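Engineer:
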Amino acid sequence: MEWPGLYNYWIVVFLMMAGLYIVIAQGNLVKKMVGLTVFQASVFIMYITMGKVTGGTAPIIIPGDNIVYANPLPHVLILTAIVVGVSTLALGLALIVRINEAYGSIEEDDIEKEEQSAR
Amino acid sequence: MMPHLPALQIVLPLLAAPVCVLLGHGRFAYGFTLVISWLAFAISVLLLNSVLEGGSISYQLGGWAPPWGIELRVDPVNAYVLMIVSAIGAMVMTYARPSVDREIRAEREYLYYTAHLLCLAGLLGVTITGDAFNIFVFFEISSLASYILISLGSNRRALVAAFNYLVFGTIGATFFLIGVGMLYQMTGTLNLADLAERVPPLTGNRTVQAGFIFMAIGLALKAALFPLHAWLPNAYAYAPSVATAFLAATATKVAIYVLIRIYFTVFGADFSFGVMSLGALLQILAVAAMIVASLIAIFQNDIKRMLAYSSVAQVGYILLGIGFATVTGLTGGLLHLFNHALMKAALFMALGCVFYRMGSVRLEAMAGIGSRMPWTTASFVAGGLSLIGVPMTVGFVSKWYLLLATVDSGSWWIVIFVLASSLLAIIYIWRVVEVAYFSPSPEGAPKGEAPLTMLIPTWMLIVANVYFGIDTRVSVGVATRAAEFLLGGGL
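First to last, the protein sequences are chains A and B.
Residue 111 in numbering that gives the first Met the number 0 is what sits at position 112 of the first sequence, and the numbering runs on without skipping anything.
Residue 283 in numbering that gives the first Met the number 0 is what sits at position 284 of the second sequence, and the numbering runs on without skipping anything.
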């Protein structure tokens, strides 16, 4: 196996780490959600990668011999996970809207300051 | 009807949720949710009975045979957890009406009940399903609902707490998903029973090992295993009282159940505790949780926050029992799973009664409460005794089994920490007792008990705390069966 061999997995790892880093390092709540979405997207790509069969076709019965089919299950699973990801994103953004109404800011530091002064 | 009980267990609350939205009115929605919660409890009791008598039940959704189709599987372990979750759900709902009225705006009440039903459906689904991917999906159903439950708290910090929980919870669930993907990659199956056959021969494989670690960390986040508990204290402290009582007693328990499933059934005790030497790690983390979280709890002035930190410590006890990977240890862990649900639900419900009258659960607000709300305070003290582990309460029984397991395994040093942590529990419970009984009431403090609909369920749980502390046949019997089942490698 040459070096970049399984380059898809390198992309997955890069996106995963980048996403987690954004979640941890950014103080802006919307940017945190962006990081979370990138992190989840990396997992989607991982599932899709492992479902890929080189030269494989969609799992629909075609007459003829030696037809290679790709496994549809990872794609189906990841469709579900994407729906879950979208709902999490929607709920997170809705919470951010409410936080903005309550604090007048979506920066973690400002919210913390506001709480300290309110105490 | 009877053969479809496993499906009904999740379908009932799941379908009830949209109906609850359509009802759209606080009182109707409440009555409806109450009926559904008790029905779910009845179903889980029937399931537990039939499992204990007739062995595991496998339910094939849509008639597709596993491993191709999705399977619901009920065995002694998860029948036990199902019973805990639905019992707490029913109790908390019985209690909920006045508390929800007080803490949530009238036009949002039906949404609260809907979120409760969805959360219940998700937690039951995680427990009952025999499919690794479905665990993830149901986890997300219950988590999304619990973010909503928490964000409905009356303090604006509830919003921030819910957001932080959302970030942590999503990372945890996604880690679990990565682990499931890696196992699927190596075995080509998602069915837990099938995985249990195909994973053990592959445990030398790097991908399977990585999958194990991803799953373990993801679930540890969900279960608030020290040091991954950062989301828990704020989430519990700022959620509405009813939501805290429900989530504290069920959400982390279900995550721990999945951990047990993964450790013992899918990977097998030999791999988890032998090759990956998880036992030592779990014991160290559990001891750290017991001591550190109890110490932090002592310095909290918000009593809800104090109990939240105590929950982190109690998760430590449960995982300590699991870490021994012996029948006694696992019995102790599972027993504490049940007992902690009982005592934490009772304690948070008592605090809900305090909040109902005082509008605060800070230590200052509780001065002299012993004479103003005698029954509520007495229930708090009784729950506190159970938390400490005084004989004749459930807390004693589970700690007894944990100590037996500790002595059996020869790790004498852990005994000291278990006892020290109990002493710390005495201190933080005593702080409340002292303020409640020995401080004078401030001028013009509100008087009077919480409504009976709140007091009666609280006391029913307190009675259960004492009952299961004296008559241990049911709880210990079932926990032992479950522990033997898990270590027997069966599914």
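C-beta: ideal position from N, C-alpha, C; glycine also.
On a predicted model such as this, the values are computed, not experimentally measured, just so you know.
Which residue's Cα is closest to the Cα of A93 of chain A: B:P17, B:A161, B:V360?
Structural biologist: Working through the first sequence from its first residue, we reach residue 93 of chain A at position 94. Taking only the C-alpha atoms, the option nearest A93 of chain A is B:A161.
Engineer: For the stretch 118-203 of chain B, which segments carrying the alpha helix (DSSP H) assignment without a break, of at least 4 residues, lie completely within its bounds, in sequence order?
Structural biologist: Segments of the alpha helix (DSSP H) lying fully in the stretch 118-203 of chain B: 131-150, 156-186, 191-197.
Engineer: Starting from the beta carbon of T206 of chain B, find every residue of chain A whose beta carbon is closer than 7 Å, and list them in chain order.
Structural biologist: Position 207 of the second sequence holds residue 206 of chain B. Chain A residues near T206 of chain B: none, gap ~10 Å exceeds 7 Å.
Engineer: For a quick check, are the C-beta atoms of F484 of chain B and V76 of chain B less than 8 Å apart?
Structural biologist: Against the second sequence, residue 484 of chain B aligns to sequence position 485. Against the second sequence, residue 76 of chain B aligns to sequence position 77. It is a contact, given that the beta carbons lie within the stated cut-off.
Engineer: Please list, in chain order, all residues of the same chain as L281 of chain B whose beta carbon is under 8 Å from its beta carbon, the five residues on each side excluded.
Structural biologist: Along the second sequence, read from residue 1 onward, the residue named residue 281 of chain B stands at position 282. Cβ within range, chain order: L318, L319, I321, G322.
Engineer: Quick one: is A89 of chain B buried, meaning 16 or more other Cβ sit within 10 Å of its Cβ, or exposed?
Structural biologist: Taking the second sequence and counting its residues from 1, one reaches residue 89 of chain B at position 90. When all chains shown are included, A89 of chain B counts as buried.
Engineer: Can you list, in chain order, the residues of its chain with a C-beta nearer than 6 Å to that of G383 of chain B? Leave out the 5 residues immediately preceding and following it.
Structural biologist: As a working mapping, residue 383 of chain B is identified with position 384 in the second sequence. Once the five neighbours on either side are set aside, the close Cβ partners of G383 of chain B are I428.
Engineer: E139 of chain B versus chain A: which residues are under 8 Å apart at the beta carbon?
Structural biologist: By one-based count along the second sequence, residue 139 of chain B stands at place 140. Under the 8 Å cutoff, chain A gives V83, S86, T87.
Engineer: In chain order, what residues of the stretch 172-204 of chain B put their CB closer than 7 Å to some CB of chain A?
Structural biologist: Listed by position along the chain: T173, L176, I177, G180, Q184.
Engineer: Based on the DSSP secondary-structure assignment, which residues constitute the bridge partners of T56 of chain A?
Structural biologist: Numbered from 1 along the first sequence, position 57 holds the residue referred to as residue 56 of chain A. The partner list for T56 of chain A (beta bridge, DSSP) reads A:Y68.
Engineer: If you count every other CB in all the chains shown that lies within 10 Å of the CB of H24 of chain B, and 16 or more means buried, which is it?
Structural biologist: Position 25 of the second sequence, counted from the start, is the residue given in the question as residue 24 of chain B. By the 10 Å Cβ count, H24 of chain B comes out exposed.
Engineer: Does the contact criterion of 3 or more C-beta pairs under 8 Å hold for the stretch 249-256 of chain B versus the stretch 215-224 of chain B?
Structural biologist: Result yes; three or more Cβ-Cβ pairs closer than 8 Å.
Engineer: Is it the case that the stretch 81-100 of chain B contacts the stretch 122-133 of chain B, given that we only count it when at least three CB pairs across the two stretches are under 8 Å?
Structural biologist: Cβ pair count under 8 Å is three or more, so yes.
Engineer: Please classify E114 of chain A as buried or exposed, where buried requires at least 16 other C-beta atoms within 10 Å of its C-beta.
Structural biologist: Within the first sequence, the letter at position 115 stands for residue 114 of chain A. It counts as exposed.
Engineer: Spell out whether any CB of chain A is found under 8 Å from the CB atom of V10 of chain B.
Structural biologist: As a first step, residue 10 of chain B must be located in the second sequence, where it is residue number 11. It does not; no Cβ of chain A falls within 8 Å.
Engineer: Applying a beta-carbon distance threshold of less than 7 Å, which residues of chain B neighbour M16 of chain A?
Structural biologist: Translated into the one-based positions of the first sequence, residue 16 of chain A becomes position 17. Here the premise fails: no neighbours, minimum Cβ distance about 13 Å.
Engineer: Using a Cβ cut-off of 8 Å, which residues of the stretch 145-168 of chain B contact any Cβ in chain A, in chain order?
Structural biologist: Flagged, chain order: Y146, I147, S150, R155, R156, L158, V159, A161, F162, L165, V166.
Engineer: What does V42 of chain A reach in chain B if we use C-beta pairs closer than 8 Å?
Structural biologist: Position 43 of the first sequence, counted from the first residue, corresponds to residue 42 of chain A. The contacting residues are T173, L176, I177, G180.
Engineer: From the beta carbon of F323 of chain B, is the nearest beta carbon of chain A less than 8 Å away?
Structural biologist: Locating residue 323 of chain B in the second sequence gives position 324, where the first residue counts as 1. False, the Cβ-Cβ gap to chain A never drops below 8 Å.
Engineer: Between the stretch 26-39 of chain A and chain B, which residues of the former have CB atoms less than 7 Å from a CB of the latter, in chain order?
Structural biologist: Under the 7 Å Cβ criterion, the stretch 26-39 of chain A contributes L28, K31, L35, F38, Q39.
Engineer: If you draw a straight line from the C-alpha of M121 of chain A to the C-alpha of Q184 of chain B, how long is it?
Structural biologist: Since the first and last residues shown for chain A are 0 and 118, residue 121 of chain A lies out of range.
Engineer: Under the three-state reduction of DSSP, which class applies to Q208 of chain B: helix, strand or coil?
Structural biologist: Here residue 208 of chain B refers to the residue found at position 209 of the second sequence. Three-state DSSP puts Q208 of chain B in a helix.
Engineer: Within its chain, find whatever has a CB closer than 6 Å to the CB of Y237 of chain B; leave out the 5 residues flanking it on each side and keep chain order.
Structural biologist: Looking up residue 237 of chain B in the second sequence gives position 238. Excluding residues within five positions, the ones whose Cβ falls inside 6 Å are G152, N154, R156, A157, A160.
Engineer: Among all the DSSP beta bridges, which residues are the ones paired with Q59 of chain B?
Structural biologist: Within the second sequence, the letter at position 60 stands for residue 59 of chain B. Q59 of chain B is bridged to B:E70.
Engineer: Verify the CB distance criterion: does F13 of chain A have a CB-CB separation below 8 Å to chain B?
Structural biologist: Numbered from its first residue, the first sequence carries residue 13 of chain A at position 14. With 8 Å as the cut-off, F13 of chain A does not count as an interface residue toward chain B.
Engineer: According to the Cβ coordinates, are S293 of chain B and A312 of chain B closer than 8 Å?
Structural biologist: What you label residue 293 of chain B is simply residue 294 of the second sequence in a count that begins at 1. What you label residue 312 of chain B is simply residue 313 of the second sequence in a count that begins at 1. Closer than 8 Å, so yes.
Engineer: Under 6 Å Cβ to Cβ from A219 of chain B, same chain only, skipping five residues before and after it: list those, please.
Structural biologist: The residue given as residue 219 of chain B occupies position 220 in the second sequence. Excluding positions up to five away in sequence, the list reads L227.
Engineer: If you run the structure through DSSP and keep just helix, strand and coil, what is E100 of chain A?
Structural biologist: Walking along the first sequence from the start, residue 100 of chain A turns up at place 101. In this structure, E100 of chain A counts as helix in the three-state DSSP scheme.
Engineer: Counting only beta-carbon atoms, is F40 of chain B nearer than 8 Å to chain A?
Structural biologist: Reading the second sequence from its first residue, position 41 is the one you call residue 40 of chain B. Not closer than 8 Å to any Cβ of chain A, the Cβ of F40 of chain B fails to qualify, so no.
Engineer: Rounded C-beta distance between G331 of chain B and L401 of chain B? I'm assuming under 8 Å.
Structural biologist: Mapped onto the second sequence, residue 331 of chain B falls at position 332. Mapped onto the second sequence, residue 401 of chain B falls at position 402. Indeed, because the Cβ distance is near 4 Å, the residues count as touching under 8 Å.
Engineer: Quick check on this structure: which residue in B:D269, B:L38, B:T457, B:I259 has the alpha carbon closest to the alpha carbon of S378 of chain B?
Structural biologist: For the purposes of this step, residue 378 of chain B is taken as residue 379 along the second sequence, with counting starting at 1. When only C-alpha atoms are compared, the closest one is B:T457.
Engineer: Quick check on L143 of chain B - is its C-beta less than 8 Å from some C-beta in chain A?
Structural biologist: By 1-based counting over the second sequence, the position of residue 143 of chain B is 144. It does: the Cβ of L143 of chain B has a partner Cβ on chain A nearer than 8 Å.
Engineer: Identify, in the order they occur along the chain, each residue of the same chain with its Cβ nearer than 7 Å to the Cβ of I140 of chain B, setting aside the five sequence neighbours on each side.
Structural biologist: Translated into the one-based positions of the second sequence, residue 140 of chain B becomes position 141. If we look at I140 of chain B and ignore the five residues flanking it on each side, its Cβ neighbours are L117, A120, G121, G124.
Engineer: Which bits of chain A does F132 of chain B rub up against, with CB to CB less than 7 Å?
Structural biologist: The count along the second sequence starts at 1 and reaches residue 132 of chain B at position 133. What F132 of chain B touches in chain A: L76.
Engineer: Excluding sequence positions up to five away, which residues of its chain have a Cβ less than 8 Å from the Cβ of P390 of chain B?
Structural biologist: Locating residue 390 of chain B in the second sequence gives position 391, where the first residue counts as 1. These residues qualify, in order along the chain: G468.
Engineer: Under a CB-based cut-off of 8 Å, is L90 of chain A close to chain B?
Structural biologist: Within the first sequence, residue 90 of chain A is the residue found at index 91, counting from 1. It does: the Cβ of L90 of chain A has a partner Cβ on chain B nearer than 8 Å.
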